[in-house]
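Student:
Number of protein chains: 2
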Amino acid sequence: MAETPKSNLQLVAAKAGVSVSSVSRVLNGGSASPELARKVREAAAELGYVPHASARTMRTGRTDQITLAVADVGNPVYVQMMRTVTGIVAKAGYRLVVSSTGSDPQAQIDLVTSLNRGYADGLLMSPLRITEDLIEAMRSSRLPIVVIGTLPADVALDNVRADSATGIGLAVEHLVAQGRRRIALVNGPVDTVPGSARLAGYLAAVERFGLATSSELQVTATAFTYRAGRKATAALLGQASPDAIIGANDLLAVAALKELAAAGTRVPEDVAVVGMDDTDAAELATPSLTSVDLGSAKRAKAAAKLLIRRIQEPGAPVSRIVIPPALSVRESTGGPA
Amino acid sequence: MAETPKSNLQLVAAKAGVSVSSVSRVLNGGSASPELARKVREAAAELGYVPHASARTMRTGRTDQITLAVADVGNPVYVQMMRTVTGIVAKAGYRLVVSSTGSDPQAQIDLVTSLNRGYADGLLMSPLRITEDLIEAMRSSRLPIVVIGTLPADVALDNVRADSATGIGLAVEHLVAQGRRRIALVNGPVDTVPGSARLAGYLAAVERFGLATSSELQVTATAFTYRAGRKATAALLGQASPDAIIGANDLLAVAALKELAAAGTRVPEDVAVVGMDDTDAAELATPSLTSVDLGSAKRAKAAAKLLIRRIQEPGAPVSRIVIPPALSVRESTGGPA
DNA sequence: GAGGGGTTTGGGAACGTTCTTAAGAACGTT
DNA sequence: AACGTTCTTAAGAACGTTCCCAAACCCCTC
C-alpha cells in the first residue's frame, strides 16, 4: 500500500529546505546544528529515504561487498565455510556475493578479472585446481584476494591453509594404534590441490608407520562426491581387503560406509573408516564417522578476517596462516556413539 | 607482475584518439566504422579495460545482481535451492548475493528495506516466519520480490510454493499401505510457515485414513535441526510407541533414525521412518531415508525464472506456482537399497 | 564598532558510464 | 551546383553521492 517512491538527497534537501550537502553531512554524522539535523531527519524519514548504493560506491570506491568463490556450493565443506563467512562478513557490514566456479580454472580466471569491474571490495577463493595463469591473474588483480587453500611457496598472497599431511598422519596413527595394518585411501582427483595433498600425506604416513604401500590399497574417485565414492570403494573392495579406509573427504568416507554395509562388512569390527573435513555429514552418518577436522570453519573465519583487514589496510604484510588439524573420533573407528 | 592499472573510458578514448562516446558505442555494439572499431578495441585491450560496475548501474539502473535470502545457509534444503539458483542466475548474467537472515522477522524486514538501496535488481526469499509487517514491507518494495513458500491468499506477490499437505498425505498413504497405524510426527516449530503447514497436513491425512490422532504421537522440535530432532524423538519414544515416524524435514528424520538405532529399534522392521525435502542427506543416511520430495530444486528454479522474467517485464501478471510433491521410497520404509 | 576566530551552511566538482542531441562528412538527386 | 538524406562521430548532460572549499553567520575581544 504505502508505495515507496524513489527518493534521493535532492528531494530530501528540498523538503527540508536545506542544501544537498547539509543533508549528506547530517546523515553521515557530520557536525550540524540541532535544528538543521532535526529538519533533515524529519524529511528523510517522511520520504523513506535510503541512500543509493552505487552512487555511494561511485564516490567512495567502497562497495561493501565481498565475493566468495567456491567450486561447488553443494559440497558440505564449502557449505560450512559459507556459513562461517556469511556471519563474519555480515557483522563487518559487508554483503556476500557467492560464486560457484566449478573446478574449471578458466572460470576462476574469468572471475578474478571480472572482479576488476569493481563490484566487490575483495575476494575469498578456494581454488580446486591451481594453474600458472590463475596465479598470474590473482597476482595482477587490483583488489585484495585471500586464498583458502595451499599455494606454491613463492606466491605472495594472503593465504589460509589446512595441513592435510599432518591430518592424515593423525588418522593413520589412530588406526595403527588399533592394530590396523592394511589402510586404504579413497582419494579424489589427484590433479586437484586437496587430492594431491592428501595422497602425499597418506604416502608419508604409511611409510612413517612402516606399513605396506600397495597400490591396490589406493583408489581415486572421479570427483569428491558420494556417487564417485561408491564406485571407487567398490573397485577397492574388488581388488584388496583393507582393514581400514580413509576417505579424502567426508562424502567419500560416507560412500565407503554405505558400500561396506552393502557388502555385509561390519564397521568398525571388520573395517574402520575415517573421513576428512569433519562436516555435519560425519555426525549424521551411521555409524557416525570418525573424521579429521581440517579446520574448515576456522580457515574460513581466519580468511574472512584477513580479507577484511587487508581491505582496510592494503599495505599490511602478507600473511600465511596454517590451521592445525584435529581428529574427531566417532563410532566408525570404535569411538563413542 | 603485469599490474593492472585502473582504466576508464576516458583513458581508452585518449589512447585511441577518439571520443569517450565512441568508445562506449563500440564496446556496447553500436554502429561504427571498421577503422574506429579497430582502434578502440586495440586501445581497450592494451589498457586491459573493464567497465566499472557501479558507474554503469548509476546510468542504467541495472545492477546485474539478484539477492537470495534464506534462514540458514547450512540447512540442506536451502543448500539445494542455492545450488539451483546459482546456476540459473549465473546463466542469465546475474551475480548472486546470499543473505542469511535467521528466522527473525525483523532481520527480514531490514533486508527488504535495505534492498531499496538498489544493490540488486530483485529478491528471492524463503521466509520461515511471516508477519504482517514483513508482508507490508515486501508489498511496498520498489524492487521485484519472489517468495519461495506459502503466502496468505490475498498477497499479490509472485510466489512458488510446495504442497506439504499432499506431500504428507503421500507419506501417510505409503505407511498405511504397509499396515502402519501409529504414525508419529516429529515436527519443527509450529509458528513457522513449514511447521504449521506440516502439522495441518499430518492431521488431515491421519483423519482421512481413520487413524488415531493421539497427541502423544506429536512432538515439536525447537528448530529444524539434527540436535533438536534427537531430543524431540527421545521425548516421543518416551511417551508413545509409534510404528512409523514422519520427520518434518530430512534432518529431523535422520535424527529419528539415529535415536531409534541408539534405542536398539530396527528400521524399518519395527518402525518405519519418512523424511521431507528429499535432500542429499536422505540418500546418505543409513538406512537410506524414504523422503517426500517437496520439489525444492524445482521451486528454486521456478522462482528464479519468475524473478528474472519480472525484472525484464515488470508489468507481467502475478504468478502463483504450486510444485506437486512426490515420494522417494528408500530403505527406511522397506524400499530398495 | 571594527576586526578576528570559530562554527555552520551551501555551492559545485568529481566518480565512470550511457544516451540524447547535434554537428559534420559523405553521397546521391534534381 | 545546390540541396536533402544518411551515416559517422563528438559534445555534454545526467544518474546520486561525497567532500573540498568558500561564503555566511555568530560571538568575542580590543
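Protein chains in written order, with my numbering: chain A, 620 to 956; chain B, 620 to 956.
Don't be surprised by glycine CBs; every beta carbon is placed ideally from N, CA and C.
A quick note: this is a predicted structure, and the numbers were derived from the prediction, not measured.
(1) Measuring only the C-alpha atoms, how far is A/Pro933 from B/Ala662?
(2) Can you name the residues of chain B whose CB is closer than 9 Å to the CB of A/Lys924?
(3) Is there at least one Cβ from chain A nearer than 8 Å to B/Lys625's Cβ?
(4) Can you list the beta strand (DSSP E) stretches of 3 or more residues lying completely in the stretch 753-839 of chain B, in chain order?
(5) At which residue ranges does the stretch 831-887 of chain A contain complete beta strand (DSSP E) runs of 3 or more residues, listed in the order of the chain?
(6) For the beta strand (DSSP E) containing A/Ser947, name the first residue and the last one.
(7) Using the C-alpha atoms, what's the distance from A/Ala784 back to A/Ala819?
(8) Going by DSSP in three states, B/Gly913 sits in which element: helix, strand or coil?
(9) What is the residue span of the beta strand (DSSP E) that A/Ile685 lies within?
(10) Whole-angstrom Cβ separation of A/Val637 and A/Leu655, contact assumed at under 8 Å?
(11) Counting only C-beta atoms, is A/Val639 closer than 8 Å to chain B at any point?
(12) Counting only Cβ pairs nearer than 9 Å, list the residues of chain B close to A/Met677.
(13) Contact check, B/Gly786 vs B/Met895 under 8 Å by CB: the rounded distance?
(14) Relative to chain A, which residues along the stretch 683-703 of chain B have a C-beta separation below 7 Å, given in chain order?
(15) Is there at least one non-hydrogen atom of the ligand NAP closer than 7 Å to the beta-carbon of B/Pro906?
(16) Quick test of the definition: if touching needs 3 or more C-beta pairs under 8 Å, does the stretch 846-861 of chain A touch the stretch 903-914 of chain B?
(17) Any idea what DSSP makes of B/Leu925, helix, strand or coil?
(18) Which value, in whole angstroms, describes the spacing of the CA atoms of B/Leu730 and A/Ala872?
(19) Would you call the stretch 741-753 of chain B and the stretch 926-944 of chain B touching, i.e. three or more CB-CB distances under 8 Å?
(20) With a threshold of 8 Å between beta carbons, is B/Ala904 in contact with chain A?
(21) Name the one or two DSSP bridge partners that A/Met895 has.
(22) Quick one: what does DSSP say A/Ile707 is sitting in, helix, strand or coil?
(23) Determine whether the beta carbon atoms of B/Val692 and A/Val698 lie at a separation below 8 Å.
(24) Whose C-alpha, out of A/Ser733, A/Arg800, A/Arg780, A/Val642, is nearest the C-alpha of A/Arg918?
(25) Could you confirm whether any beta carbon from chain A is found closer than 8 Å to the beta carbon of B/Lys920?
(26) Under 8 Å between C-beta atoms, does B/Asn868 make it to chain A?
(27) What's the C-alpha gap between A/Ala945 and A/Asp897?
(28) If I measure Cβ to Cβ from B/Gly914 and keep anything under 8 Å in the same chain, skipping five residues before and after, which residues do I get?
(29) Do you know offhand how far B/Leu870's Cα is from B/Arg827's?
(30) Give the C-beta separation of B/Ala816 and B/Thr769 to the nearest angstrom, bearing in mind that I take them to be a contact with Cβ-Cβ under 8 Å.
(31) Answer with buried or exposed for A/Glu888, where buried requires no fewer than 16 other C-beta atoms within 10 angstroms of its C-beta.
(32) Going by beta carbon distance, what residues of the same chain come within less than 7 Å of A/Val704, once the five residues before and after it are set aside?
(33) Between which two residues does the beta strand (DSSP E) carrying A/Ile728 extend?
(34) Measure the C-alpha to C-alpha separation of A/Gly649 and A/Val642 and round it to an integer number of angstroms.
(35) For chain A, find out if any of its Cβ atoms is closer than 8 Å to the Cβ of B/Ser833; answer yes or no.
(36) Are the beta-carbon atoms belonging to B/Ala901 and B/Gln797 less than 8 Å from one another?
Tutor: This is what the structure holds:
(1) About 29 Å.
(2) Here the premise fails: no neighbours, minimum Cβ distance about 18 Å.
(3) B/Lys625 counts as touching chain A.
(4) Runs of the beta strand (DSSP E) inside the stretch 753-839 of chain B: 764-767, 777-781, 802-806, 837-839.
(5) Qualifying beta strand (DSSP E) stretches, in chain order: 837-839, 863-866.
(6) Per DSSP, A/Ser947 belongs to the beta strand (DSSP E) from 945-947.
(7) Cα-Cα distance, rounded: 7 Å.
(8) It should be noted that the sequence gives Leu, not Gly, for residue 913 of chain B. B/Leu913: coil per DSSP, three-state reduction.
(9) Residues 684-689.
(10) Sure, about 6 Å apart at Cβ, within 8 Å.
(11) Residue-level contact check: A/Val639 does not touch chain B, since none of the beta carbons of chain B fall below 8 Å from its beta carbon.
(12) His671, Ser673, Ala674, Thr676, Met677, listed in chain order.
(13) Going by Cβ atoms, the distance from B/Gly786 to B/Met895 rounds to 7 Å, so yes, they are a contact pair.
(14) Along the stretch 683-703 of chain B, going in chain order, the ones with a CB nearer than 7 Å to a CB of chain A are Val692, Gly693, Val698, Met701, Arg702.
(15) With respect to small molecules bound, the structure shown includes none, and the ligand NAP cannot be examined in it.
(16) No, they do not touch.
(17) B/Leu925 sits in a helix when the DSSP states are folded into three classes.
(18) Here the alpha carbons of A/Ala872 and B/Leu730 stand approximately 39 Å from one another.
(19) Because the criterion of three Cβ pairs below 8 Å is met, the stretch 741-753 of chain B and the stretch 926-944 of chain B touch.
(20) Yes - at least one Cβ of chain A is within 8 Å of the one on B/Ala904.
(21) Beta-bridge analysis with DSSP links A/Met895 to A/Val911.
(22) In the structure shown, A/Ile707 sits in a helix (DSSP, three-state: H, G or I).
(23) Yes.
(24) Out of A/Ser733, A/Arg800, A/Arg780, A/Val642, A/Arg780 has the C-alpha closest to the C-alpha of A/Arg918.
(25) Closer than 8 Å: no.
(26) No, B/Asn868 lies away from the interface with chain A (no Cβ there is under 8 Å from its Cβ).
(27) Cα to Cα, A/Ala945 sits roughly 9 Å from A/Asp897.
(28) Excluding sequence neighbours, B/Gly914 sits near Ala781, Ile942, Pro943, Pro944, Ala945.
(29) Those two C-alpha atoms are separated by around 27 Å.
(30) That pair is a contact at about 6 Å.
(31) By the 10 Å Cβ count, A/Glu888 comes out exposed.
(32) Leu687, Leu715, Leu743, Ala919, Ala923, listed in sequence order.
(33) Careful: A/Ile728 lies outside any beta strand (DSSP E), inside the alpha helix (DSSP H) at 724-733.
(34) Cα to Cα, A/Gly649 sits roughly 10 Å from A/Val642.
(35) Closer than 8 Å: no.
(36) Not closer than 8 Å, so no.
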